[in-house]
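Visitor: Here numbering that gives the first Met the number 0 is used: the first residue of the sequence shown is 0, the next is one more, and so on.
Below is one structure. I have some questions about it.
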Amino acid sequence: MKRIFRGLSIYLLILILIMFGVRVMQQNVDEVTTMDVTELVENLESDKVESITIQGRTVGTAEGKLKDGTKFTSFLPEEVRRDFYANYLKEKVDNKEIRLIGEPEPKEPWYYNLLPTFLLLFAFGIFWFVFMQQSQGGGGGKVMSFGKSKAKMHKEEEGNLISFEEVAGLEEEKEELKEIVDFLKGPKKYVEIGARIPKGVLLVGPPGTGKTYLSRAVAGEAKVPFFTISGSDFVEMFVGVGASRVRDLFENAKKNAPCIIFIDEIDAVGRKRGAGMGGGHDEREQTLNQLLVEMDGFGKNEGIILMAATNRPDILDPALLRPGRFDRQIYVGLPDVRGREAILEVHSKDKPFDSDVDLSVVARRTPGFTPADLENLLNEAALLSARANLKTIPMHLVEEASIKVQAGPEKKSKIVTEKERKLTAYHEAGHAVVSRLLPNTDPVHMITIIPRGMAGGFTAYIPEDDVNYMTKKQMEDDLVSLLGGRVSEALVLEDISTGAQNDIERATKIARQMITHYGMNDKLGPMTYGSDQDEVFLGRDYGRSKNYSEEVAATIDSEMRKLIDTAYNKAERLLKDNMDILERVAQALLEKETIDAREFEELFLGRPLEPGEFDREYSKTKRYYEKEETEKTIKETKDNVIEETKDNFREAEEGFKKEDLEKTEEKEKKDYKEERE
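In C-alpha cells, the structure reads:
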C-alpha cells in the first residue's frame, strides 16, 4: 500500500510541475509597465509613443512601446474605448508619426480550459483507487471485487481444524453436534428414513465458552471444508454489498459441498427488524433478508450446514430462529467443576508442573471461569514461573495467577499511607467476618490489602459447589456481606470512604433484582416489573414504555431501601457482637498483608496463628526474589569497588608520572645550570 501511495505521489507531483511550467512559459518574460489612460494620452501628445498594438476589433487593452524602448500596457475603460482611435490615433497614424499594429484576439490552447477538469478527474481517480484498495483490505487485483464474500475457507489438510477429543468440558454440546457430523459423513441413512437434518445450528453462550472452537471441531470431525466469516464483514456503507456477499458466500459453499459455514457474532447482521433507526432500505436489513432467502428459499442448499455464534440471542430476528433456518439452538454455558478440570488437563499438556500441583483443586477454586479464562490462568502461571527463572510451575504461582486473572496484578510499588492501609484492613476484615458469621455465604478463601487492579484490597470467596440457583436467604446474606466493609469503617474508624462504591453498586443491583425480576417481595408479590432485559435494544424497545405505574415505581424504591437498611443493620449487629474477631483479623492483615483460608479460620476461632500454606508457598518465591536482589546488590557493589579501585590506580599513576616529570625537569635545569657555570 505504501508503494502505491509513493507512486501516485510522484505522478501527481510531476503533473503539478508541468502545469506550473506551462503557466510560467505563457507569461511574458519581459518587464512591462502598466500605464493609466491619462499618462498614455500625455505620451501620445508629446510624441513619445513609437508603436501601439490593438488586439481584436475594439480597443480594450492597448499595448505598445515607447521611443525609449519601454514596453507598456494600458486598460481603456468603456467610455474612452469608443472614441480613442478617432481622437488620439487616427491623425498620428495618417501622418506616420506612430505605427499602429493590428492583431487578432489571442486564442488559448484547446487543452487550456480543460486542464482544471483533467486535474479534478485525476484527483478523483486517485481518491477512488485508494478508497477501493482500503475497502478490499489493500490486496492487489481486488478493486472490482467489492461484492465478493470475505469468508475464509479452511480444509483438513491445512491443519486449522481440530477434533472433538481436543474440546474438553462440553460433553452434552458435543453429543448434540455429532448428528451434524454423522450427516455430513453419510447422509444416506437419514434420507432413506425421511429425516431432515437441521439446516442451521446456533451456538449461544457467554464470551469465551468455546463456541468457535466447537464449530471448528465439527468441521474437523466431518472432514469437510469450513468457511468462516464475521457478521460485521457483510455490512458496508454501500447498499447492496452485504446481500451480494451473502450470495457469493453460498455460491462458493455450493461448489465445495458438503461443507460448513460458520458466522461468528451473527447478531451484527441478524438483529430484529422493526422500529429502529433505518427502514426497509437499511443495508443491514437487506443483508438479513438475503441471508433468510439463502437459508430457506426456493433454492436448495444440500450438504451445506450453517453454524453461527452469538452472545445475544434475545436480539436476533425471529425469522432467523424459526425451524428450517436455525432449527437447533445449543447453549454453551460455563463448565462445571468436572468440565473445568478436563479443560485444565487439555491446556496443561505442554506445561511442566510441580508435583504439588493438583488441577482438581484448581478446578474447585475457579467457579464461574470460562474455558478462555482457564487457559489464560495457566498461561499466567507459566509467565510468573518464567519471570522467577523456575523450571517448573509451582502450585502457589497457579494460585497467584488465579487471583491475578480475577482481580489484576499486585501493585506492591504503589505508595499507600498508613491511614489507607488501616482503612483497607478493617474494610476487608469486615467483609470476611460478616461472611463467616452468616450461614448462606461462600467460605472465605483469601484476604489481602495489597492493591490489585482498581481495588485497594479484596476478599476472595470460593463456593463449595457449583450453584445453579440462588435462594432468597442466600441473596439476603450476600447483601449483608457486601455491606460489612462499609459498616466496619463506620464502627471502628468513625468515618466512611469511597472504597465501598463497588459493594454498594452490587448490593443495589441484587436488591432490585430480588424485587423486580425474581418476585421475592411480599408487598409487590411474584411479578416481574420492567423489561426482562437490562440493555435497551433500539430495534425492539424503541418507543416502549415501562409496564408499571409511578406508584409501583415508588413502592419498588421503598422496598429496595428496606432490604438495604435491614442488611446494613444486621451487619452492624454482627460486627458489634464480634469486635474482638474483627480486631484480630484487621491487625493480622496490617502485619501480614495477606492471609489465607486456614489462617483466617484460626484468627476467627482465637487460636494462635501459625505459618499457613500461603506463607510457606509464597515465601519460596519471596526468598528467591530476595536472594536475586541480594546477589544483584553484591554484584553492583563489587563492580563499584572495582571501578573505584581502577580510578584510584589511575589517579596514582598519573600522580607518579607528574612527579617523575617534575623531577626530570628539575634535574635537567640543574644540569644545565652547572654546565653554564
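Note that beta-carbon positions come from the ideal geometry of N, C-alpha and C, so glycine has one too.
#1: If contacts are defined as beta-carbon pairs under 8 Å, then G63 and V48 qualify, I think. What distance do you get, rounded to the angstrom?
#2: Check this for me: beta carbons of G199 and Y330, under 7 Å apart or not?
#3: Exposed or buried, which one is A428 when buried takes at least 16 other CB atoms within 10 Å?
#4: What's the call for A385, buried or exposed, on a 16-neighbour Cβ count within 10 Å?
#5: Throw me the rounded Cβ distance for the M453 and I509 pair, which I believe falls under 8 Å.
#6: What is the rounded straight-line gap between the Cα of Y425 and the Cα of Y528?
#7: Suppose contacts are defined by Cβ-Cβ distances below 7 Å. Is A308 in contact with K173 by that definition?
#8: Note down, in chain order, each residue of its chain lying with its Cβ closer than 6 Å to the Cβ of D476, except the 5 sequence neighbours on either side.
#9: Could you please give the first and the last residue of the uninterrupted alpha helix (DSSP H) stretch that includes K177?
#10: Where D553 and K569 are concerned, what is the direct C-alpha to C-alpha distance, given to the nearest angstrom?
#11: Output the distance between the C-alpha atoms of A400 and L383, rounded to the nearest integer angstrom.
#12: Using the rule of at least 16 other Cβ atoms within 10 Å of the residue's Cβ for burial, across every protein chain shown, is T458 buried or exposed?
#13: What whole-angstrom Cβ distance do V36 and S73 have, given they're in contact under 8 Å?
#14: Enumerate in chain order the residues of its own chain whose CB-to-CB distance from G483 is below 6 Å, with the five nearest sequence positions on each side excluded.
#15: From F365 to I461, what distance separates their C-alpha atoms?
#16: Considering only residues of the same chain and omitting the five flanking positions on each side of Q285, which have a CB-CB separation below 6 Å?
#17: Report yes or no: do the region 415 to 425 and the region 317 to 330 share at least 3 C-beta pairs separated by less than 8 Å?
#18: For the alpha helix (DSSP H) containing G63, name the first residue and the last one.
#19: So P450 and K410 are supposed to be a Cβ contact under 8 Å. How far apart are they, rounded?
#20: Is the shortest distance between the beta-carbon of Y460 and the beta-carbons of chain C less than 7 Å?
#21: Alpha carbons only, please: which of L213, E598, A252, R244 is nearest the one belonging to M445?
#22: Restricting to Cα atoms, I'd like to know which of P442, F128, R485 is closest to Q500.
#23: Who are the Cβ neighbours of E171 in its own chain at under 7 Å, not counting the five residues just before and after it?
#24: Considering only C-alpha positions, which residue in the set V268, T369, V479 is nearest to V404?
#25: Output the distance between the C-alpha atoms of T447 and R337, rounded to the nearest integer angstrom.
#26: Using DSSP with H/G/I as helix, E/B as strand and the rest coil, what is F117?
#27: What's the gap between the Cα of E582 and the Cα of L608?
#28: Quick check for students: name the residue ranges of the beta strand (DSSP E) that lie wholly in the region 244 to 277, counting only runs of 3 or more.
#29: Suppose the cutoff is 6 Å on Cβ atoms and the five residues either side in sequence are ignored; what does the same chain contact list for M152 look like?
#30: Assuming contact is defined by CB atoms lying nearer than 7 Å, are K271 and D316 in contact in what I supplied?
#31: Among K418, A122, D357, which residue has its Cα nearest to the Cα of L492?
#32: What is the DSSP secondary structure of T32, counted as helix, strand or coil?
#33: Measuring CB to CB, does G168 end up less than 7 Å from A341?
#34: Answer with buried or exposed for T515, where buried requires no fewer than 16 other C-beta atoms within 10 angstroms of its C-beta.
#35: Quick check on DSSP: helix, strand or coil for G199?
#36: Is the beta carbon of G407 closer than 7 Å to that of G455?
Guide: On the basis of the supplied data:
#1: Along the sequence shown, one-based indexing puts residue 63 at 64. Along the sequence shown, one-based indexing puts residue 48 at 49. That belief holds up - the Cβ atoms of G63 and V48 are roughly 6 Å apart, short of 8 Å.
#2: The residue labelled residue 199 in the question sits at position 200 within the sequence shown. The residue labelled residue 330 in the question sits at position 331 within the sequence shown. No, the pair does not count as a contact, with Cβ atoms beyond the cut-off.
#3: Residue numbering aside, residue 428 sits at position 429 when the sequence shown is read from its first letter. Here A428 is buried. Its C-beta has 16 or more other C-beta atoms within 10 Å.
#4: What you label residue 385 is simply residue 386 of the sequence shown in a count that begins at 1. Classification for A385: exposed.
#5: Residue numbering aside, residue 453 sits at position 454 when the sequence shown is read from its first letter. Residue numbering aside, residue 509 sits at position 510 when the sequence shown is read from its first letter. Between M453 and I509, the beta carbon gap of about 21 Å keeps them out of contact (Cβ cut-off 8 Å).
#6: Taking the first residue of the sequence shown as position 1, residue 425 is located at position 426. Taking the first residue of the sequence shown as position 1, residue 528 is located at position 529. Rounded to whole angstroms, Y425 to Y528 spans 38 Å at the Cα level.
#7: Residue numbering aside, residue 308 sits at position 309 when the sequence shown is read from its first letter. Residue numbering aside, residue 173 sits at position 174 when the sequence shown is read from its first letter. The beta carbons of A308 and K173 sit no closer together than 7 Å.
#8: As a first step, residue 476 must be located in the sequence shown, where it is residue number 477. The beta carbon of D476 sits closer than 6 Å to the beta carbons of L437, N439, T440 from its chain, once the five residues preceding and following it are set aside; these are given in chain order.
#9: The residue labelled residue 177 in the question sits at position 178 within the sequence shown. Residues 170 to 184.
#10: Walking along the sequence shown from the start, residue 553 turns up at place 554. Walking along the sequence shown from the start, residue 569 turns up at place 570. The amino acid at residue 553 is misidentified as Asp; the sequence shows Ala. One Cα belongs to A553, the other to K569, and the distance between them is close to 24 Å.
#11: Along the sequence shown, one-based indexing puts residue 400 at 401. Along the sequence shown, one-based indexing puts residue 383 at 384. Near 8 Å, if we compare the C-alpha coordinates of L383 and A400.
#12: As a position in the sequence shown, residue 458 is number 459, starting the count at 1. Answer is buried; the Cβ neighbour count reaches 16.
#13: Here residue 36 is taken as the residue at index 37 of the sequence shown, counted from 1. Here residue 73 is taken as the residue at index 74 of the sequence shown, counted from 1. Distance from V36 to S73 at the Cβ level is roughly 6 Å; contact confirmed, criterion being Cβ atoms closer than 8 Å.
#14: As a working note, residue 483 is residue 484 in the sequence shown. Close CB contacts of G483 within its chain, under the 6 Å cut and outside five residues either way in sequence, are with G429, H430, V433, A570 (chain order).
#15: Taking the sequence shown and counting its residues from 1, the one referred to as residue 365 is at position 366. Taking the sequence shown and counting its residues from 1, the one referred to as residue 461 is at position 462. It should be noted that the sequence gives Thr, not Phe, for residue 365. Their Cα atoms are separated by approximately 8 Å.
#16: Locating residue 285 in the sequence shown gives position 286, counting from the first residue. A242, listed in sequence order.
#17: Inter-segment contact for the region 415 to 425 and the region 317 to 330 is absent: fewer than three beta-carbon pairs are separated by less than 8 Å.
#18: In the sequence shown, residue 63 corresponds to position 64, counting from 1. G63 -> not in any alpha helix (DSSP H); beta strand (DSSP E) instead, spanning 60 to 65.
#19: Within the sequence shown, residue 450 is the residue found at index 451, counting from 1. Within the sequence shown, residue 410 is the residue found at index 411, counting from 1. Correct: roughly 4 Å between the Cβ atoms.
#20: Of the chains in the structure shown, none is chain C; there is only one protein chain.
#21: Working through the sequence shown from its first residue, we reach residue 445 at position 446. Ranking L213, E598, A252, R244 by Cα distance to M445 puts E598 first.
#22: Translated into positions along the sequence shown, residue 500 becomes position 501. Answer by Cα proximity: R485.
#23: Working through the sequence shown from its first residue, we reach residue 171 at position 172. Around E171, the same chain offers no residue with a beta carbon nearer than 7 Å, after the five sequence neighbours per side are excluded.
#24: Within the sequence shown, numbered from 1, the residue matching residue 404 stands at position 405. Ranking the options by Cα distance to V404, first place goes to T369.
#25: Translated into positions along the sequence shown, residue 447 becomes position 448. Translated into positions along the sequence shown, residue 337 becomes position 338. Between the alpha carbons of T447 and R337 lies a distance of about 29 Å.
#26: The count along the sequence shown starts at 1 and reaches residue 117 at position 118. The answer is helix: DSSP assigns F117 an H, G or I state.
#27: The count along the sequence shown starts at 1 and reaches residue 582 at position 583. The count along the sequence shown starts at 1 and reaches residue 608 at position 609. Rounded to whole angstroms, the separation of the alpha carbons of L608 and E582 is 14 Å.
#28: As summarised for the region 244 to 277, the continuous beta strand (DSSP E) elements at least 3 residues long and confined to that stretch are 258 to 263, given in chain order.
#29: Numbered from 1 along the sequence shown, position 153 holds the residue referred to as residue 152. Residues of the same chain with a CB within less than 6 Å of the CB of M152, apart from the 5 flanking positions on each side, are P224, F226 in chain order.
#30: Taking the first residue of the sequence shown as 1, we reach residue 271 at position 272. Taking the first residue of the sequence shown as 1, we reach residue 316 at position 317. Yes. Within cutoff.
#31: Here the question's residue 492 lines up with position 493 in the sequence shown. It is K418.
#32: If you number the sequence shown from 1, residue 32 lands on position 33. Reduced to three states, the DSSP call for T32 is strand.
#33: If you number the sequence shown from 1, residue 168 lands on position 169. If you number the sequence shown from 1, residue 341 lands on position 342. Less than 7 Å divides the Cβ of G168 from the Cβ of A341.
#34: In the sequence shown, residue 515 corresponds to position 516, counting from 1. With 16 or more Cβ atoms within 10 Å of its Cβ, T515 is classed as buried.
#35: As a working note, residue 199 is residue 200 in the sequence shown. Under the three-state reduction of DSSP, G199 is assigned to strand.
#36: Here residue 455 refers to the residue found at position 456 when the sequence shown is read from its first residue. Here residue 407 refers to the residue found at position 408 when the sequence shown is read from its first residue. Contact check for G455 against G407 fails: the beta carbons are separated by 7 Å or more.
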